[in-house]
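Peer 1:
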């Protein structure tokens, strides 16, 4: 079994996933608009160019997302995407890059469980926890 976060965006999914690929690496293995959906579905005009499904594969992990129409999108609340990063320098780089244009909430710092831990909301509204664990 695998847990895979599924994010929703207010029309910025393509831009967000392009940025996430640059920051996190991996491959965008799916990016389908509502207009490209198979079958007889005809999206309303305001949805046709929005992303119906995107998938970013990073190693054996997958991050998925879609755009939500204006009547359905709700900002992310009560949850975060956690990145566990082994190298403290890579944790610093990732935190700084994701925080550009967003809001750093807890600066990256040492905690009792981690060499580096911090939280932020990126410019797309995704909440992140960056975690560089200490050995057990």
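Numbering (this note's numbering), first residue to last: 3 to 138.
Cβ coordinates follow ideal geometry from the N, Cα and C atoms, glycine included.
Just so it is clear, the structure is predicted and the values come from calculations on it, not from any experiment.
1. By DSSP, does residue 23 sit in helix, in strand, or in coil?
2. CB-CB under 8 Å to residue 43, same chain, minus the five flanking residues each way: which ones, in chain order?
3. Judging by CA-CA distance, which residue of 47, 127, 134 is the nearest neighbour of residue 120?
4. Considering just the uninterrupted stretch of the beta strand (DSSP E) at residue 123, what are its terminal residues?
5. By the three-class DSSP mapping on this structure, what secondary structure does residue 46 have?
6. Contact between the stretch 46-59 and the stretch 83-94: three or more CB pairs below 8 Å?
7. Whose CA, out of 80, 41, 40, lies closest to the CA of residue 127?
8. Going by beta-carbon coordinates alone, are residue 25 and residue 123 separated by less than 7 Å?
9. Helix, strand or coil for residue 5? Go by DSSP, reduced to three states.
10. Please specify which runs of the alpha helix (DSSP H), each continuous and at least 4 residues long, are wholly inside the stretch 24-103, giving them in chain order.
11. Mind checking residue 138: buried by the 16 CB within 10 Å criterion, or exposed?
12. Does the count of Cβ pairs from the stretch 57-65 and the stretch 26-33 closer than 8 Å reach three?
13. Rounded to whole angstroms, what is the Cα-Cα separation between residue 82 and residue 49?
14. Count the other CB atoms, across all protein chains shown, that sit within 10 Å of the CB of residue 8; report buried if there are 16 or more and exposed otherwise.
Peer 2: Per the coordinate set shown:
1. Judged by DSSP in its simplified three-state form, residue 23 adopts helix.
2. 36
3. Checked all of 47, 127, 134; the closest Cα to residue 120 is 134.
4. 116-123
5. Coil.
6. no
7. 80
8. no
9. coil
10. 90-101
11. exposed
12. yes
13. 26 Å
14. exposed
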